[in-house]
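Notes to accompany the following structure.
Numbering (the working numbering), first residue to last: 160 to 373.
Below is the structure:
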């Protein structure tokens, strides 16, 4: 099963995910504060005694774990998701932001070029060759060795471009959207764990209300 970064964009940009990091600081602070007092406080009001528990509620613990999960997922998404997918939903947005073929080529290079080995990653060689043959003036007969030698300069040189920018954009966009499957799966798993924690909290609250009025 192939996942896409774009399917997580709405989640990554949601308020609940972005604000969850606050609980990473609030929950430990409250837990530390409560640890300095007795687990149960006895209060006397109008000759009656009331016991107040100062143990951190389980729902708060779940909230903390949800915040951790969302934060980790957000970090993975922020670092691993290609910029062209993270920042734009379509070519119209990309173009209105002043981006051109140069940025499209750069997105492809960032994804496909292996900086340490100074060559295109094997799984992207055919895609890069097809892109350059379609959207530049690369000869149809072109060896992989020459592609590794000249490919970067061909992507950086936009003086001899071919085709529409919109078509080039979506070609690179679709490749980028599925780039880094292990990272996409990792971020998705952490998002799911976070939402499971929130679901449990919601169920607990519903049951508490039902018991209160029962």
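Yeah, the Cβ is synthetic: ideal placement off N, Cα and C, and Gly gets one too.
Query, Result
"Using the beta-carbon count (16 or more within 10 Å), is residue 241 buried or exposed?", "buried"
"Under three-state DSSP, which class holds residue 336?", "helix"
"Classify residue 288 as helix, strand or coil using the three-state DSSP reduction.", "helix"
"With three or more C-beta pairs closer than 8 Å as the rule, is the region 345 to 362 touching the region 227 to 236?", "yes"
"Taking Cβ positions, are residue 264 and residue 314 nearer each other than 8 Å?", "yes"
"Does the region 326 to 334 come close enough to the region 266 to 273 that 3 or more CB-CB pairs lie under 8 Å?", "yes"
"In whole angstroms, what separates the C-alpha of residue 304 from that of residue 310?", "10 Å"
"Taking Cβ to Cβ, would you say residue 347 is nearer than 8 Å to residue 167?", "yes"
"Which value, in whole angstroms, describes the spacing of the CA atoms of residue 173 and residue 182?", "16 Å"
"For residue 243, which residues in the same chain have their Cβ closer than 7 Å to its Cβ, ignoring the five residues on either side in sequence?", "266, 331, 332 and 335"
"To the nearest angstrom, how far is it from the Cα of residue 281 to the Cα of residue 260?", "24 Å"
"Flag this pair as yes or no: are the beta carbons of residue 307 and residue 278 separated by less than 8 Å?", "yes"
"Check this for me: beta carbons of residue 293 and residue 321, under 8 Å apart or not?", "yes"
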